[in-house]
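In my numbering, the protein residues as written are 939 to 1194.
Have a look at the structure below, then the notes.
Structure follows, in structure tokens:
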């Protein structure tokens, strides 16, 4: 799937808030090397560097568009195009940040121990993932996909994200791998100006991508129009036109 750095950063301040909350909870004090995997356009890398200004930091993402934006944003940081699932770098790192990315990477039972193995003693793996698949905005993506002329082509679109696992599964899996685990869940309420159209724009940079990519331009327009109509019913705007978008996120920090 193609990522658009420009679309993703339209709501950068809202997307940065959980990154700040995650970074604030990392217990590792002496951080010499840190990696931002799934770094996107570099906003998370910038916050990682602010949190650990003494560290040598690298970033990695599978999207060439995102990496180009990250390099422009932070020209003094090394950014590479790569796949988290096959990331060959052995480390060791004092901090590995994975913000809003592991939901796109399969087989967490194999992935997470592998990432822990790239940490130095006392190092931390800090992860944040959207936990919103049962929220109306995501449920309506699936319903819109199954109800239109595009249903056959979009039958597997929701499979782009890995299966949703609960906090208890992550806690047990990481603890069995030898880590000390801090896990929590937060629901953010983002006020978006512009009503349902703003909700659509938000998800065009993330969750809607697997549903739109198989469609041609005319079909994308029709899909988004139908989806926006349903979103407006599920999230009616306040009198000033603002929609309050609930967005649950799952966090965990695993420390060796």
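C-beta atoms are modelled at their ideal positions from N, C-alpha and C, and glycine is treated no differently.
Identify whether residue i lies in helix, strand or coil by the three-state DSSP scheme.
i, result
"residue 990", "coil"
"residue 1057", "strand"
"residue 1072", "coil"
"residue 1128", "strand"
"residue 1014", "coil"
"residue 1154", "coil"
Please classify residue i as buried or exposed, where buried requires at least 16 other C-beta atoms within 10 Å of its C-beta.
i, result
"residue 1112", "buried"
"residue 999", "buried"
"residue 943", "Residue placement at residue 943 cannot be trusted, given a pLDDT of 48 that sits under 50; what the coordinates show is reported in the next sentence. Result: buried."
"residue 1188", "buried"
"residue 950", "exposed"
"residue 1019", "exposed"
Tell me where the alpha helix (DSSP H) around residue i begins and ends.
i, result
"residue 1148", "1147-1150"
"residue 1006", "1002-1011"
"residue 974", "Element bounds for residue 974: not the alpha helix (DSSP H) but the beta strand (DSSP E), 971-975."
"residue 1041", "Looking at the DSSP string, residue 1041 is not in any alpha helix (DSSP H), and its letter there is neither H nor E."
"residue 1178", "Element bounds for residue 1178: n/a, residue is neither H nor E."
"residue 959", "950-962"
Bridge partners for residue i per DSSP, in chain order?
i, result
"residue 1067", "1188"
Return the chain-ordered list of same chain residues with a C-beta closer than 8 angstroms to the C-beta of residue i, the five sequence neighbours on each side being excluded.
i, result
"residue 1127", "1182, 1183, 1184, 1185"
"residue 1115", "1050, 1051, 1054, 1192"
"residue 955", "1126"
Going along the chain, which residues of its own chain have a beta-carbon closer than 7 angstroms to the beta-carbon of residue i, five neighbours each way excluded?
i, result
"residue 1159", "none"
"residue 1105", "1121, 1123, 1188"
"residue 1028", "1056"
From what residue to what residue does the beta strand (DSSP E) around residue i run?
i, result
"residue 1034", "1031-1037"
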